[in-house]
Each structure stands twice: as C-alpha cells, then as structure tokens.
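Undergrad:
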Amino acid sequence: MRHSNEAEGAEMLKALCTCARALFPKSIATCVGSCHSSASAEAEYPREAEEVAGVCETRRLQYLAGRRVAREALHLLDGPCGPLLQNPDGTVCWPDGWTGSISHTKAWCLASVARTSDCPALGIDLEETGRMNEPIARRVLLPDELDWLATSTKPFLSLAALFFSAKEALYKTVAPLMKRPVGFHDVRLSVEEVCDGFHFCAELLQPQRENRDIVSELIGKGVFCGPFCLAGFHRPVCPA
Ligand SMILES: CC(C)(COP(=O)(O)OP(=O)(O)OC[C@H]1O[C@@H](n2cnc3c(N)ncnc32)[C@H](O)[C@@H]1OP(=O)(O)O)[C@@H](O)C(=O)NCCC(=O)NCCS
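The numbering of the sequence shown is the working numbering, which starts it at 333 and goes up by one.
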C-alpha cells in the first residue's frame with residue numbers, strides 16, 4: 333500500500349466499506365479497495381489489460397482496481413467471475429442477469445453489484461469533499477437545492493459535494509434506462525437528514541412521463557466518511 337501510513341489506510345478502507353454498504357439494502361453487495369495495492373497493478377484478464385493499454389497509469393490502476401472490487405462484490409453474492417469489459421458508452425458490460433456500478437478517486441475505488449431480479453438498476457459515487465468549490469456548486473445545483481443548503485447548519489461546500497455525488501450516482505443509475513441522458517439541471521433532489529446520513533428523493537424536470545416515474549421511484553442515500561462523501565441510488569423491484 334502506497335498510502336502515507338498503512339494503519340491509516342486500513343482504517344480508511346474499513347470506514348469506506350462500512351459507509352458504502354450502508355447506502356444500499358443487503359441484496360446489493362459493495363466492496364471497496366485501494367487503487368494503489370500491488371494486486372490492482374496487474375490485470376486479471378488479458379481483455380481488460382487490452383482496454384487500458386496506452387492509458388495513463390492513474391487511469392489504468394483505477395480501471396483495474398474497480399474491476400477487482402466489482403468481482404469481489406459479485407463473489408459475495410455467488411455471482412459469475414470473468415472480465416468486466418467496457419461498453420461503447422463507458423458503462424460496464426455486466427454479466428447477464430446482473431447490474432452494478434463503479435466509482436473511484438485517485439486512491440480508492442468501490443463497486444456495488446446486484447442481481448437484476450433484486451435491483452434493476454443502481455449507481456454509486458465517491459467524491460473527495462474538499463474538491464468542491466463555489467463556482468462548481470452554483471453550476472451543478474438548482475436554485476431550490478442551493479436554498480436548502482443555505483438553511484442547513486452543515487458547511488455549504490460539504491453539502492454541495494454530497495449533492496454533486498448524489499447527482500453522479502443518480503446519473504449512473506438512470507443512464508442505461510433512459511434514451512436521453514439527464515443533465516445536472518434536469519433533476520431536482522430533495523433531501524432529509526437522518527441519523528445515519530441523508531435520504532434523497534429525485535424529481536425529473538424533463539417532460540417525459542415514463543422517465544419521470546423511473547426517477548421518482550429511485551431510492552437515494554448519501555453519507556460523509558472522513559474526507560469523502562458517497563452516494564448511492566437504486567431502483568427497487570417493487571416501488572413503494
Ligand atoms: C460518467 C460519470 C457519471 C462518471 O463519474 P465520475 O465521477 O467522473 O467518475 P467515477 O469514478 O465516479 O465513475 C467512473 C465509472 O462510471 C462508469 N461510467 C462511465 N460512463 C458511464 C455512463 N455513461 N453511465 C453510467 N456509468 C458510467 C464506469 O464504470 C466508470 O468507471 P470505469 O471506466 O473504470 O469502468 C461522469 O463522468 C459524468 O458524465 N457525469 C455527468 C453526470 C450528470 O450530468 N449528472 C447529472 C445528473 S442529475
């Protein structure tokens with residue numbers, strides 16, 4: 333592990349695992365890993381190695397580490413093993429009957445997976461909270477969302493990072509389901525702070541009725557974890 337302090341790295345890994353697993357019900361398995369572990373430097377499958385041949389080392393490590401933790405998560409649910417290749421749109425080509433989502437920072441990666449019979453779609457996102465700044469917050473959040481942030485006692489930029497993460501997770505969840513991708517101002521998030529984090533509800537501001545239902549049925553959750561914030565959305569089999 334190339335983290336400055338191995339014990340700190342192990343602590344962070346444990347904390348991220350706990351936080352990430354709290355985002356979803358038990359039918360969705362989540363695993364977390366370091367992008368700098370020696371294991372993630374080696375491709376497990378030649379076809380995955382081919383996909384990242386020629387990219388910069390940071391991206392190669394992120395790609396490989398993400399696939400490694402995705403396979404660990406599949407294994408937790410007795411899922412299939414094998415290469416997880418990229419679709420032309422950048423999404424992962426999950427095995428038939430399975431879905432999932434991957435996110436990484438420079439140092440950490442996480443992946444969540446589920447059987448499509450338990451969860452038809454999901455998205456997860458991990459962000460470094462400190463990377464948020466006021467111009468980005470004002471660009472990605474809607475006036476209603478900014479108003480809510482202003483009323484909270486929590487730091488504005490931290491909450492803005494959490495909202496950003498939630499929008500990224502939502503995007504990953506709905507991208508495979510919708511013909512037209514959603515933009516940051518196409519979805520309004522409302523949030524409720526609960527004892528173990530934040531619950532998100534989403535409303536699609538585009539007119540298509542079918543897509544509105546898809547978005548409003550999603551269940552979203554976000555948490556802070558040390559210098560990071562994480563968010564997850566999933567589509568339940570039987571919407572409430
Ligand atoms: C695709 C996107 C969500 C990736 O997020 P990111 O924070 O840059 O990067 P992350 O590390 O969290 O996620 C990367 C992973 O997302 C997945 N991904 C890539 N393109 C994707 C897409 N079109 N749809 C869903 N997932 C995608 C991949 O698994 C990728 O990892 P991999 O390349 O190693 O397999 C982001 O680049 C993007 O396009 N954001 C715009 C979102 C937006 O408009 N949101 C508004 C919604 S309200």
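Glycine is no exception: its CB is placed at the ideal position from the N, C-alpha and C atoms.
With a threshold of 8 Å, are at least 3 pairs of Cβ atoms found where one atom belongs to the segment 453-471 and the other to the segment 481-494?
TA: A contact exists between the segment 453-471 and the segment 481-494.
Undergrad: For a test of your reading of the model: does the CB of S435 fall under 7 Å from any non-hydrogen atom of ligand 1? Yes or no.
TA: Yes, the beta carbon of S435 sits closer than 7 Å to at least one heavy atom of ligand 1.
Undergrad: Check whether the segment 543-561 and the segment 343-355 are in contact - that is, three or more C-beta pairs closer than 8 Å.
TA: With a cut-off of 8 Å, the segment 343-355 and the segment 543-561 count as touching, because enough Cβ pairs lie within range.
Undergrad: Below 8 Å between beta carbons: does that hold for A501 and G432?
TA: Against a cut-off of 8 Å, the Cβ pair of G432 and A501 comes out as no contact.
Undergrad: Going straight from the alpha carbon of N465 to that of D428, what length do you get?
TA: The alpha-carbon atoms of N465 and D428 are separated by roughly 40 Å.
Undergrad: Taking DSSP as the reference, what is the three-state secondary structure of A385?
TA: DSSP places A385 in coil when its eight states are reduced to three.
Undergrad: Let me know if T485 comes out buried or exposed under the rule of 16 or more other beta-carbons within 10 Å of its beta-carbon.
TA: Its Cβ having fewer than 16 others within 10 Å, T485 is exposed.
Undergrad: Would you say the segment 363-375 touches the segment 395-412, given that touching needs at least three Cβ pairs under 8 Å?
TA: The segment 363-375 is in contact with the segment 395-412.
Undergrad: Taking the beta carbon of Q540 as the centre, do at least 16 other beta carbons fall within 10 Å, making it buried, or is it exposed?
TA: By the 10 Å Cβ count, Q540 comes out exposed.
Undergrad: Look at the alpha carbon of L454 and the alpha carbon of E549, and state the distance between them as a whole number of angstroms.
TA: Between L454 and E549, the C-alpha separation is close to 12 Å.
Undergrad: May I ask you to list the residues that DSSP assigns as paired with W440?
TA: Bridge partners of W440: S366.
Undergrad: Can you tell me whether V506 is buried or exposed? The criterion is at least 16 other CB atoms within 10 Å of its CB, across all chains shown.
TA: So V506 ends up on the buried side.
Undergrad: Let's see if you can read the secondary structure: which residues bound the beta strand (DSSP E) around E500?
TA: No beta strand (DSSP E) holds E500; the alpha helix (DSSP H) holding it covers 488-506.
Undergrad: Confirm the yes/no value for this check: CB of Y503, any heavy atom of ligand 1, distance under 7 Å.
TA: Yes, ligand 1 has a heavy atom inside 7 Å of this Cβ.
Undergrad: The alpha helix (DSSP H) spanning E542 covers which residue range?
TA: From DSSP, the alpha helix (DSSP H) with E542 extends over 541-548.
Undergrad: Return yes when the C-beta of L454 is under 7 Å from any heavy atom of ligand 1, and no when it is not.
TA: Result no, Cβ not under 7 Å from ligand 1.
Undergrad: Pull up the distance between the alpha-carbon of R403 and that of W426, whole angstroms please.
TA: One C-alpha to the other measures close to 10 Å.
Undergrad: With DSSP as the reference, label H335 as helix, strand or coil.
TA: Low confidence applies here, because H335 scores a pLDDT of 49, under 50, leaving its location unreliable and the question unanswered by this model.
Undergrad: Which residues mark the beginning and the end of the beta strand (DSSP E) in which A534 is found?
TA: Per DSSP, A534 belongs to the beta strand (DSSP E) from 529-536.
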